[in-house]
Structure formats: C-alpha cells, structure tokens
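The structure under discussion appears below in the form of structure tokens.
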Amino acid sequence: MAKSVKRVSRAIERTAGEAQLIMLHDCSKVIDAFFTTLAPVRGFEKLILGKNPLFVVEATK
7 MAKSVKRVSR
17 AIERTAGEAQ
27 LIMLHDCSKV
37 IDAFFTTLAP
47 VRGFEKLILG
57 KNPLFVVEAT
67 K
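Just so you know, our numbering puts the end of the sequence shown at 67, numbered straight through with nothing missing.
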C-alpha cells in the first residue's frame, strides 16, 4: 500500500516581505519543500528535506 503524502502550506511573516512555505510530508519526514518569497532567500527548502515536519514549523518561527 502506498504511503499517504500530505501537503502543508504556511504563510510566513517576515520583516522583508511575505513568504510562503509549501512542504510535502508523509508524517515522519519531509519529502519535498518549496519556499517562495519576494526577497531572495536560497536553500531553505533543501535544509528541511528529510527532517521531521515539526522541525520545519519551529524553524520558520
């Protein structure tokens, strides 16, 4: 049986503009992630791959 993959989209308030984090997870680890923003921030989506989804929530606070 295939694992269920969930999509989470979260708006992030920032000093330098609006941002949004979109991640796909299977309840135990992040499978894929996208970080969209008007200001250039590179590499955050690669940092969270393989991490627990709760880590992602804490990292974006």
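Note that the Cβ used here is the ideal one computed from N, Cα and C, for glycine as well.
Would you identify the three-state DSSP class for residue i, choosing helix, strand or coil?
i, result
"Met7", "In this prediction, Met7 has a pLDDT of 43, which is less than 50 and means its spatial position is unreliable; what the coordinates show is noted afterwards. Note: Met7 maps to coil in three-state DSSP."
"Lys52", "helix"
Express the C-alpha separation of residue j and residue i in angstroms, rounding to a whole number.
i, j, result
"Arg13", "Asp32", "9 Å"
"Val63", "Lys57", "11 Å"
"Thr43", "Leu53", "16 Å"
Do residue i and residue j have their C-beta atoms within less than 8 Å of each other?
i, j, result
"Val36", "Leu60", "no"
"Leu30", "Phe41", "no"
"Glu72", "Ala39", "The first residue shown for the chain is 7 and the last is 67, placing residue 72 beyond what the model contains."
Can you pull the DSSP bridge partners for residue i?
i, result
"Phe41", "Leu27"
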